[in-house]
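**Q** If you count the sequence shown from 1, position 208 lands on 208 in UniProt numbering, and the numbers rise without skipping.
Ideal Cβ positions, reconstructed from N, Cα and C, are used throughout, including at glycine.
Mind looking over this structure? Questions follow.
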Amino acid sequence: MAGSPKKRNKKYVPKVDLHSKQIKEILRTKGAEGLMGVYKQMKAPHTRYLEMTWDFLEAERILVVASALHDVPVHELPLDVTKNVYSGDLLIALSKHLISPKQKFEISINTNVRNLKTGEIFTVPYHYVFKEPINYAEFMDGGKHKVDRGQGIKTRWRGLSDEWSDAVQGKFPSNDYEFAGAKAKLSVNARILAHAYETDLRKTKFLNGIKLLIK
């Protein structure tokens, strides 16, 4: 019949990568074998969604000490050190040079602040998306990269700790407030430089999914 829809015989194959929430849901409904089955059906995408999460305030304390002990900048610390602080496939990709270190990163930090007088705890969000690629080392420690501050004003990015401190910490006097924790997430859609390492990244996502299910 004219105008009738064509029957699709081709099996649908997902073309995008799985996010952590999707992994968790598949594990809940289909189990570990179901998750691996989904991965086997997936075509290698041109880009991958990668992320890493960490306890921002705790990491600051640990990494400063580790940096001094190893006598290297924080962004050059070995994987066996950073994997105890950060969690996620973005850490693996950066540490093993599977992606370019220069990316349009997106950073989110949700900081819990406690009012010492009232005991009230509230969350202060910090979020920034880079419009132009920035080197990971400059993102962490600062450098020559300039960012748009609004109204046509551009200044140098001073490093994540200083940027967060200026945007959040500086607005709450220590006599009246204290920080009760801060959860950070760095994410990016990045092109994998070597397809041979796809298995490493998928294995990392699989293991992270298992951890999410257990929590």
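Pull up the distance between the alpha-carbon of residue 152 and that of residue 165, whole angstroms please.
**A** Their Cα atoms are separated by approximately 23 angstroms.
**Q** Could you give the uninterrupted runs of the beta strand (DSSP E) lying entirely in the segment 31-119, keeping only those of 3 residues or more?
**A** Listed in chain order, they are 48-55, 106-115.
**Q** Please return the same chain residues whose Cβ sits closer than 6 angstroms to the Cβ of residue 62, not counting the five positions on each side in sequence.
**A** Hits under 6 angstroms: 85.
**Q** Which partner residues of residue 148 appear in the DSSP bridge assignment?
**A** Note: residue 148 sits in a beta bridge opposite 154.
**Q** If contact is defined by three or more beta carbon pairs under 8 angstroms, each pair taking one atom from either stretch, is the segment 107-119 in contact with the segment 79-98?
**A** Touching, no.
**Q** So with Cβ pairs under 8 angstroms, would you call residue 125 a contact of chain B?
**A** Any reference to chain B falls outside this structure, which holds one protein chain only.
**Q** Going by the CB atoms, is the gap between residue 75 and residue 140 shorter than 8 angstroms?
**A** Yes, Cβ-Cβ distance for residue 140 and residue 75 is below 8 angstroms.
**Q** In the DSSP assignment, find the unbroken beta strand (DSSP E) run with residue 186 in it and report its ends.
**A** Looking at the DSSP string, the run of the beta strand (DSSP E) that includes residue 186 is 177-190.
**Q** If I'm right that residue 106 touches residue 20 with Cβ under 8 angstroms, what's the distance once you round it to whole angstroms?
**A** Actually they are not in contact, since the Cβ atoms of residue 106 and residue 20 sit about 15 angstroms apart, beyond 8 angstroms.
**Q** Would you identify the three-state DSSP class for residue 122, choosing helix, strand or coil?
**A** Correct three-state label for residue 122: strand.
**Q** Alpha carbons only, please: which of 134, 81, 56 is nearest the one belonging to residue 161?
**A** Out of 134, 81, 56, 56 has the C-alpha closest to the C-alpha of residue 161.
**Q** Work out the CA separation of residue 137 and residue 157 for me, nearest whole Å.
**A** Approximately 11 angstroms, taken between the alpha carbons.
**Q** Please classify residue 52 as buried or exposed, where buried requires at least 16 other C-beta atoms within 10 Å of its C-beta.
**A** Answer is buried; the Cβ neighbour count reaches 16.
**Q** If you follow the alpha helix (DSSP H) that residue 161 is part of, which residue opens it and which one closes it?
**A** Segment 160-167, the alpha helix (DSSP H) holding residue 161.
**Q** Excluding sequence positions up to five away, which residues of its chain have a Cβ less than 6 angstroms from the Cβ of residue 191?
**A** Contacts found: 47.
**Q** Comparing alpha-carbon positions, which option in 25, 94, 58, 28 lies nearest residue 184?
**A** Ranking the options by Cα distance to residue 184, first place goes to 58.
**Q** Considering Cα atoms alone, identify which of 179, 103, 129, 79 is closest to residue 96.
**A** Comparing Cα positions, the closest option is 79.
**Q** Over the uninterrupted alpha helix (DSSP H) stretch that includes residue 138, give me the two end residues.
**A** Residues 136-141.
**Q** Are residue 146 and residue 155 closer than 8 angstroms when you measure CB to CB?
**A** A contact, by the Cβ cut-off of 8 angstroms.
**Q** Apply the 10 Å Cβ neighbour rule to residue 121 and answer buried if 16 or more other Cβ atoms are within range, or exposed otherwise.
**A** Classification for residue 121: exposed.
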